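Asker: Which chain is which? The protein sequence lines are S and P, in order. Okay, so the first sequence: first residue is 1 according to my numbering, each after it adds one. Okay, so the second sequence: first residue is 1001 according to my numbering, each after it adds one. Sharing a structure, written as C-alpha cells. Questions coming.
There are 2 protein chains.
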Amino acid sequence: METFFSFLEKRVDDCSSLLCIGLDPHLADLENPTPEAALDFCLGIVKETSTYAAAYKPNAAFFEYFGAKGWDALSELIAAIKAESQRLGSMIPIILDAKRGDIASTAEAYAKSAFDHLGADCITLNPYLGKDSIDPFLAFPEKGAFLLCKTSNPGAGDFQDLLVVGATGHPPLPLYIRVAELAQSWNTGNNIGLVVGATQPEALARVRAAAPDLWFLSPGVGAQGGDLATALKSGLRKDGKGMLINVSRSIARAENRKKAAAELRDEILQVKGQLNF
Amino acid sequence: METFFSFLEKRVDDCSSLLCIGLDPHLADLENPTPEAALDFCLGIVKETSTYAAAYKPNAAFFEYFGAKGWDALSELIAAIKAESQRLGSMIPIILDAKRGDIASTAEAYAKSAFDHLGADCITLNPYLGKDSIDPFLAFPEKGAFLLCKTSNPGAGDFQDLLVVGATGHPPLPLYIRVAELAQSWNTGNNIGLVVGATQPEALARVRAAAPDLWFLSPGVGAQGGDLATALKSGLRKDGKGMLINVSRSIARAENRKKAAAELRDEILQVKGQLNF
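Encoded structure:
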C-alpha cells in the first residue's frame, strides 16, 4: 500500500526536486481582494512551476479569510493541482497548511474535511494537545501529517526552546527535540513529518539527530533569511532526501516564476552534488 | 473602552451564570449529515438555553467539515446568536473554538476571518508558536483569545505536563504552568484567557496560582467526568468569577435542554454560595 511519504518520494524522484511551493494568496499580492483573485493568483503559480514542484502547500488561512467563497476557491485549487498533475503524468502531493490541533472527536472532523472533502494528501498539525489529537489524521493510511516542531518565526522560542527535564541521568533537552523524538516514535505508518524552519541550522541538525527517518518541511529560505546550502547540509537525511524546502514569496513575487523555481531546484541539486548525494 | 473580558463580565452579571454552552454539531447528533441540519441543531440549543448562557462556543471544525456551505452556516449561526441576544436585551459573547496558531502574517488572516468576517468576539488559540502568533488577534482591542494551557484530553500530558527547567534556584515547572505565567504577563489589554480542563482539579489550582487574574474556559464537566464543585473550588478567581464552565453534550443531548442549562447554572450558584461568593 502506498503511504504519504512513499507517494512524496515518487514525485521527488520524478521531478528531481525537493521544492515545496507555498500557495499563500496574501491580500497584498492580489489585484482585487476577492476569492476569485486568490484562486487565479495560485493557479498562475501552479501553471508556471508544476515541472519543478515536489509538492504544493496551500495555506488555509488565506482562503478561510474569504468565508464560504474562499473555501470553494481552495477546493477548486486542489482539484486544479490534481488536473495539472495528470497532465504532467506525475501526481504532485498537496499539503494543506492548516496547523490544526484539537481533541479526538473534533480532530476527526478536521481530518475528514482536509482529506475526504478537500482532497489534500497531507496536513500540517500542532502537537500541543498530544498523540490522541494526531491519531484521527493517522487513521487515513495513505495521508500524512507534518507536526510543528521548530518554527521559523520570532516567537518560536517562547515555548519551543524551553528546556525540558530529561530522564534520570540525561541532560535537559529543548521542547522541540522532545516533539521530534516522539514524532519519530509515532511514525509507524510512514506518515509523520516535522515542520523545522530553515533559518536555524543548529536546530535543524539537532532535529535530524533526534528524528533520523522523518521528512522535514522547512520554510524560511529566501524572504526569512535562511541559507539554502546550510539548511540542506544540516537537515538532509542520509539518503539525500527527507527535506522539503518550502518557498512562497520568492517564487510568487518573482518576475519569471518558472525561472525562479528552476533555479532553486537546480541550486538544491548542486548542493546535494557537493554533499555526494 | 470595552474589552472582551469586561463585555463577558457584564453578561455574567446579567444572567448570573458562568455557563459557556458549546455548539458542536457532531454528525452523530444530526438527523441528516447536512450543513442545514448542523445549523438547525445549534439554533435549537441557542433558542432553548439563551437565558442561562454566559457565552456560546461554536466549534469551527464541525462547520468546516461541510466546506463552503458549512462556513455559511457558521456565519448564520453567529448572526442568529446576536439577534437572540438583542431580543434578550443582553449581548451574549461568542467564542469561536478554532484553536488556530500560525506565524504573524497568516495569523492576521485568521484573526480577520474570525473577528471581522464571522463576527466572533473571542477565539481559542494554540500557543506553541509563541507571542507573535497571538499578537495579530490582540490587535483587535475589543476582542479576546483563550490560549490552550492544560486540556482535558487523554494525550494532554504528552507535552503539556513536561517539566521545564526553571530560572536558577527555582524548581522545574510543567510546560502548562509556563504557558499560564506568560499569558498572565501578556494580558495587558484584558483580552487573554486560558483553556484549562475541569477534569484535573490540582492542575486548575496550579494554573490559578500562576495566573491569578485570567479567565479560564474549562471543558470536561459532565461527559468527560469532571466534578463541577471541585472544579469551581479549584479554579474560581478571588472575585468568584474568572471561570467559564463549558458544557456541550450534556446540554445538547438533554431531553429538556432549558431545564438542563437552568440546573447547571443553579448548581454553579450554589457552589459559589458555599464558597461565600
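Built from N, CA and C at the ideal position, the CB exists for glycine as well. Just so you know, these numbers come straight off a predicted model, no measurement behind them.
1) Helix, strand or coil, according to DSSP, for Val1046(P) in the structure here?
2) Name the chain P residues whose beta carbon is nearer than 8 Å to that of Pro141(S)?
3) List the residues of chain S that Val1165(P) touches, going by C-beta distances under 7 Å, in chain order.
4) For Gly22(S), which residues in the same chain have their Cβ closer than 6 Å to its Cβ, ignoring the five residues on either side in sequence?
5) Give the interface partners of Asp1072(P) over in chain S, defined as CB-CB distance under 8 Å, in chain order.
6) Contact check, Ala1053(P) vs Ile1092(P) under 8 Å by CB: the rounded distance?
7) Is it right to say Ala1167(P) is buried, meaning 16 or more other beta carbons lie within 10 angstroms of its own, or is it exposed?
8) Would Leu1120(P) pass as a contact of Ala1139(P) if the rule is Cβ separation under 9 Å?
9) List the DSSP bridge partners of Cys1149(P).
10) Helix, strand or coil for Pro1035(P), going by three-state DSSP, please let me know.
11) So, is the C-beta of Ala1107(P) closer than 9 Å to a C-beta in chain S?
12) Any idea what DSSP makes of Gly273(S), helix, strand or coil?
13) Output yes or no for whether 9 Å exceeds the beta carbon distance between Val1195(P) and Leu1148(P).
14) If we ignore side chains and look at the alpha-carbon of each, how far apart do Leu1264(P) and Gly157(S) end up?
15) How many Å lie between Leu30(S) and Ala38(S) at the Cα?
16) Run down chain S in chain order and give the residues with a C-beta less than 9 Å from the C-beta of Pro1033(P).
17) Counting only runs of 4+ residues fully inside the region 163-194 of chain S, write out the alpha helix (DSSP H) ranges in chain order.
18) Should Pro141(S) be labelled buried (16 or more other beta-carbon atoms within 10 Å of its own) or exposed?
19) Tell me the rounded alpha-carbon separation between Arg100(S) and Leu118(S).
20) Could you tell me whether the Cβ atoms of Gly1193(P) and Leu1175(P) are closer together than 9 Å?
21) Would you call the CB atoms of Ala1231(P) and Pro1212(P) closer than 9 Å?
22) Does Pro58(S) come out as helix, strand or coil in the three-state DSSP assignment?
23) Just to confirm, are Ala83(S) and Leu125(S) a CB contact at a threshold of 9 Å?
24) Smallest Cα separation from Leu278(S): which of Leu228(S), Arg237(S) and Lys233(S)?
25) For Thr151(S) and chain P, any beta-carbon pair shorter than 9 Å?
26) Select from the region 236-253 of chain S all residues with a C-beta closer than 8 Å to any C-beta belonging to chain P, and list them in chain order.
27) State the Cα-Cα distance for the pair Ser185(S) and Leu8(S), rounded to the nearest angstrom.
28) Near Arg208(S), which residues of its chain fall below 6 Å by C-beta distance, leaving aside the five closest residues on each side in sequence?
29) Is Asn59(S) closer than 9 Å to Ala1104(P) when the C-beta atoms are compared?
30) Just to confirm before moving on: does the CB-CB distance between Ile123(S) and Ala252(S) stay below 9 Å?
31) Listing by chain order, which chain P residues have their CB less than 8 Å from the CB of Arg178(S)?
32) Report all residues from its chain with a CB closer than 7 Å to the CB of Ser1050(P); omit the five preceding and five following residues, and keep chain order.
33) Whose C-beta lies closer than 8 Å to the C-beta of Lys1238(P) among residues of the same chain, with five residues either side of it excluded?
34) Which residues of chain S have a Cβ atom closer than 8 Å to the Cβ of Phe1062(P), listed in chain order?
35) Tell me the residue span of the alpha helix (DSSP H) that contains Lys1082(P).
36) What does the alpha-carbon distance come out to for the pair Ala1210(P) and Ala1180(P)?
Answerer: So, from the listed chains and residues:
1) helix
2) The premise fails here: Pro141(S) is roughly 20 Å from chain P at the closest Cβ pair, so nothing lies under 8 Å.
3) Leu163, Val165 and Pro172
4) Lys57, Asn246 and Ser248
5) Gly67 and Ala68
6) 6 Å
7) exposed
8) Sequence inspection shows Ala at residue 1120(P); the Leu mentioned does not correspond to that position. It is not a contact, given that the beta carbons lie outside the stated cut-off.
9) In the DSSP output, where bridge partners are listed per residue, Cys1149(P) has none listed.
10) helix
11) yes
12) helix
13) yes
14) 41 Å
15) 7 Å
16) Going along chain S, no residue has its Cβ under 9 Å from Pro1033(P), so there is no contact; the nearest lies around 11 Å.
17) 175-186
18) exposed
19) 15 Å
20) no
21) no
22) strand
23) no
24) In the structure displayed, chain S extends from 1 to 277; residue 278(S) sits before or after that span and is not available.
25) yes
26) none
27) 20 Å
28) Gly235
29) no
30) no
31) Phe1159 and Leu1162
32) Glu1084, Leu1088 and Ile1092
33) Pro1212
34) Thr106 and Ala109
35) Gly1067 to Leu1088
36) 6 Å
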